[in-house]
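Since the structure comes first, as structure tokens, the remarks are kept for the end.
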């Protein structure tokens, strides 16, 4: 299993923004391609001055057809004020997003560390979020794992019905798994007026707004339906080994036309 230790890499946001730092998938509504998209999750904060470069990298990575890219905002730096500009409240931060990051770090590094920007690849590889080459290497490692780990790869099929409901089928996972729908905004531009990024314009892609569980601790094939998000949001379905383990399948819902 390709896992990089968080303890192995130094960084910023406490030097980076706190603590030691470690180390357009196809949007059709059809069966997953032979090489499934790799999931790249960026944990960042608009109150961390090391996060804007990572947001730019994620925006570029999100253009790759073999990637599902998601930006998760955390709010634990919002309380730290700039002497000149005061505090900034990240409008996209959610406590549940912090929980997701902490669960990853506890499993990968043995402790629930807070650090930004941090990129998690397929739930098992952690790198600094602004290091594009390291992220691309992690994507390659995830693809190599997929090619050699399973003779029958997991499959995630999405089909949009005439009434707008999305029908989902999961097969061949081979272990207990969870599945969620992640709703996100495809692009966002924020003018920052406080905190360490005061005066900067924060431009980013695939900003997560909500997560809806579909199935928990399931073993075997599954079929279910869900209504896609409204208000101009798109979504992605993630299938992940139980306990927020390796991500084994993922698809964008493909709602650009709405």
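Residue numbers (the numbering used here): 287 to 544.
In this text, a Cβ means the ideal position worked out from N, Cα and C, and glycines have one as well.
These figures come from a predicted structure and were not determined experimentally.
Asked: Coarse secondary structure for residue 524, derived from DSSP in three states; Found: strand
Asked: Cα-Cα separation, residue 360 to residue 507; Found: 34 Å
Asked: Residue 446 in three-state terms, based on DSSP; Found: strand
Asked: Sequence-distant residues of its chain with Cβ nearer than 6 Å to residue 339 (five each side left out); Found: 416
Asked: Straight-line Cα distance separating residue 474 from residue 534; Found: 28 Å
Asked: Spatial distance of residue 537 from residue 517 (CA atoms); Found: 20 Å
Asked: Nearest residue (CA-CA) to residue 487, options 476, 493, 497; Found: 476
Asked: Beta strand (DSSP E) runs wholly inside the region 389 to 468, at least 3 long, in chain order; Found: 404 to 407, 411 to 414, 441 to 446, 452 to 457
Asked: Residue 338 (DSSP reduced to helix, strand or coil); Found: helix
Asked: Three-state secondary structure assigned by DSSP to residue 355; Found: strand
Asked: Distance between residue 520 and residue 382 (C-alpha atoms, nearest Å); Found: 19 Å
Asked: Residue environment, residue 343, which counts as buried when at least 16 other CB atoms sit within 10 Å; Found: buried
Asked: Local Cβ density within 10 Å of residue 322, reported as buried at 16 or more and exposed below that; Found: buried
Asked: Residue 396 classed as buried or exposed, judged by whether at least 16 other C-beta atoms fall within 10 angstroms; Found: exposed
Asked: Backbone CA spacing between residue 499 and residue 464 [nearest angstrom]; Found: 8 Å
Asked: Where residue 440 falls, given that 16 or more other Cβ within 10 Å makes a residue buried; Found: buried
Asked: Contacting residues, own chain, Cβ-Cβ under 8 Å from residue 364 (five flanking each side not counted); Found: 331, 333, 373, 374, 375, 376, 379, 481
Asked: N-terminal and C-terminal residue of the beta strand (DSSP E) that residue 483 is part of; Found: Residue 483 -> no beta strand (DSSP E), and no H or E assigned at all.
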